[in-house]
Amino acid sequence: MGVISRGFSGRRSAADVKLPPGHYLTTDFPVLSAGPTPHVSLDRWEFVIDDGANVLRRWDWKSFRDLPTETFTVDIHCVTRWSKLGTSWEGVSLDTMLADVKTDASHAMVPSYGDYTTNLPLNDLRNKQAWIAFRFDNKDLAPEHGGPARLLVPHLYLWKSAKWVRGITLMHQDKPGFWESLGYHIYGDPWREQRYSGDE
Amino acid sequence: MWRVGTVVALHDETATARTITLEVSDWPGHVAGQHVDVRLTASDGYSAVRSYSIASAPNAEKRVELTVERLPNGEVSPYLTQEVAIGDPLEMRGPIGGWFVWRAQQTEPIQLVAGGSGIVPLMAMIRSRALAGSTAPFRLLYSVREPQAVFYREELQALSDQDHSLGLTYAYTRVAPKDWPRPAGRIDAALIANIAWPSKIVPTCYVCGPTSFVENASRLLTASGNDPEKIRTERFGPTGERQ
Amino acid sequence: MNSNIDDYLDGNAAAGELSNIFAMDVTAAEGQCAHCGVIKRFAEAHVYMQGPGLVARCSVCQHALLRFVSARQRVFLDLRGLTCLILDRSQLVESGR
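Taken in sequence, the protein lines are chains Y, S and G. Sequential numbering from 1 applies to the first sequence in the working numbering. Sequential numbering from 1001 applies to the second sequence in the working numbering. Sequential numbering from 2001 applies to the third sequence in the working numbering.
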């Protein structure tokens, strides 16, 4: 451990708020990125569900926005230790998007525009646990926060909520995405503090 | 890897920036332009690391000066500019960097371009040049929001007054002093054409400041004929602190 | 203020973290991008380091040159984006000379 800096405490949170282990509360919305913000025009945007070989479903922006949407309020937790509570969004539930998809796939790889990917069990995308979100705080989702649309999976660390999402590739076995292949946990439950591979 | 320095002096440069002088008994020496990573550790073991350019010239006294600007939402800079007291230990790693450096053996013309707190490593170069008695032709373009935000004003004035091979130009981007010949605004091609070394004398350029400032300044220097290979850059965070 | 400018730094900012691994200064090193082939100083790479890890990208084609994660007891380094890195032996880290 380093030399203790007298009077330094880092960011601290109110004691009465329940946060995942090691987290502090933030009131702003930090922008964290692994690369430049992709700029995707809505007339080129598409969301594709495939199984690695065949396209199973495809939406362009218009057909995506014709889908039924939900507004919802969730807490989000970033592996860099900040939590933001009560964030409000509008998006399409993954239950809606996967409704007509017949598959026995167990996992999904979620790619973004750009080179980012993240993986998760297909069951974590179902059952009201995930959305393709396009509005935040009553405004169109800003590009630096993943607009035009991002995945939102609030029960996992926020790196699983791929910004600039462009689809889902269904898989029969788990494969690590961008951060998972570089030391981060394959699943990422903030409440069990599953930050790094090897964490229980 | 991590050294411990002791704070021996504190000096406010502006209302929001402070220079911290550290005595580091095992300091290996440094070159102008290098930086250190400073680590703060809370009593529960949580630590935060930030990079700060060394403001002082290489010297024999094992002393290192850092000039830190306080960021409104910073985690480390408020502590360094307001909490730290004389006698406190400070952990640091470095010196770091072998590219964005100026050595007294360099004799070619040097064009320095500073945006805000980007002046810090360039000041180390100016101080290093003075200490070494170098006559390498230096020009500094120091872009800053407003007159109260200038670091090292008196020292820069004294150095440029006594040494005619050190050219000094201020560019104010938001608020210029009364009667200032140039209205407040970002640096532009006309300013570069007027006050920077002509590219045909092949200066080595050092540009430091927030990322957007560095991209703009580099573009202007290239557009005026400087080879990109002759332009060395160091980007700070958008608000001016390396994050 | 240009809101289109992304929040990146450059190879200088990554050097402290990478000094855990490289015995020689990495900022002055020349690196060849495995995607577009351009050779540039690592100091000029665009570095994204506020997130879960550090990603250094080619300033020309934006492909990842190097990725780095410091994870408790282990450090993860992905160098696939660099065909090669040329470091200078006279620039040993911490020599300060």
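From the three backbone atoms N, C-alpha and C, an ideal C-beta is built for every residue, glycine too.
| Check | Outcome |
| --- | --- |
| 9 Å Cβ cutoff, Tyr196(Y) in contact with chain G | yes |
| Residue-level contact to chain Y via CB, Phe2068(G), 9 Å cutoff | yes |
| Interface residues of chain S facing Tyr2008(G) [CB-CB closer than 8 Å] | Thr1211 and Arg1235 |
| Backbone secondary structure at Ala1184(S) - three-state DSSP | coil |
| Interface flag, Leu151(Y) vs chain G, CB-CB below 9 Å | no |
| Straight-line gap, Arg1145(S) to Ser112(Y) (C-alpha atoms, nearest Å) | 38 Å |
| Contact with chain S by Val17(Y), beta-carbon distance below 9 Å | no |
| is_contact[Ile1096(S), chain G] using C-beta, thresh 9 Å | yes |
| Below-9 Å beta-carbon distance, Trp1197(S) vs any chain C residue | Absent from the structure: chain C. Protein chains present are Y, S and G. |
| Residue environment, Asp104(Y), which counts as buried when at least 16 other CB atoms sit within 10 Å | exposed |
| Residues that Asp1012(S) bridges to, as DSSP identifies them | Arg1018(S) |
| Terminal residues of the alpha helix (DSSP H) in which Asp95(Y) lies | Leu94 to Met97 |
| Chain Y contacts from the stretch 1065-1078 of chain S (Cβ-Cβ distance under 8 Å) | Asn1073 and Glu1075 |
| Test: Met1125(S) CB closer than 9 Å to a CB of chain G | no |
| Continuous beta strand (DSSP E) stretch holding Ile76(Y): start and end | Glu70 to His77 |
| Alpha helix (DSSP H) segments (min. 4 residues) lying fully within the stretch 125-176 of chain Y | none |
| Closer than 9 Å to chain S by CB, Gly2011(G) | yes |
| C-alpha gap between Arg192(Y) and Asp66(Y), whole angstroms | 37 Å |
| Within 9 Å of chain Y by C-beta, residues of the stretch 1175-1193 of chain S in sequence order | none |
| Chain Y contact for Leu1039(S) (CB, 9 Å cutoff) | Rather than Leu, the amino acid found at residue 1039(S) in this sequence is Arg. Closer than 9 Å to some Cβ of chain Y, the Cβ of Arg1039(S) qualifies, so yes. |
| Secondary structure of Arg195(Y), DSSP reduced to three states | coil |
| Proximity test, Cβ basis, 9 Å: Pro190(Y) and chain G | no |
| Contact check, Glu1215(S) vs Gly1033(S), beta carbons under 9 Å | no |
| Partners in chain Y for Phe2076(G), counting only beta-carbon separations shorter than 8 Å | Leu182 and Gly183 |
| Strand pairing of Ile2086(G), partner residues [DSSP] | Glu2030(G) |
| Bridge partners - Tyr1052(S), DSSP secondary structure assignment | Val1036(S) |
| Asp1088(S) beta carbon less than 9 Å from that of Thr1021(S) | no |
| Within 7 Å of chain Y by C-beta, residues of the stretch 1051-1065 of chain S in sequence order | none |
| Cβ-Cβ separation, Pro1203(S) to Lys1178(S) (assumed contact under 8 Å), whole Å | That belief does not hold up - the Cβ atoms of Lys1178(S) and Pro1203(S) are roughly 32 Å apart, past 8 Å. |
| Same chain, Cβ closer than 7 Å to Thr1135(S), neighbours up to 5 away in sequence not counted | Ser1165 |
| At least three beta-carbon pairs within less than 8 Å, the stretch 2084-2095 of chain G to the stretch 133-142 of chain Y | no |
| Contacts of Glu1091(S) in chain Y (Cβ-Cβ under 9 Å) | Gly2, Val3 and Ser5 |
| Arg1129(S) in three-state terms, based on DSSP | helix |
| Whole-Å CB distance - Asp50(Y) paired with Gly167(Y), under 8 Å assumed | 7 Å |
| Candidates Ile2021(G), Ser2019(G) and Ser2059(G), of which the one nearest Tyr2008(G) by Cα | Ser2059(G) |
| Limits of the unbroken alpha helix (DSSP H) element including Val1214(S) | Thr1211 to Ala1223 |
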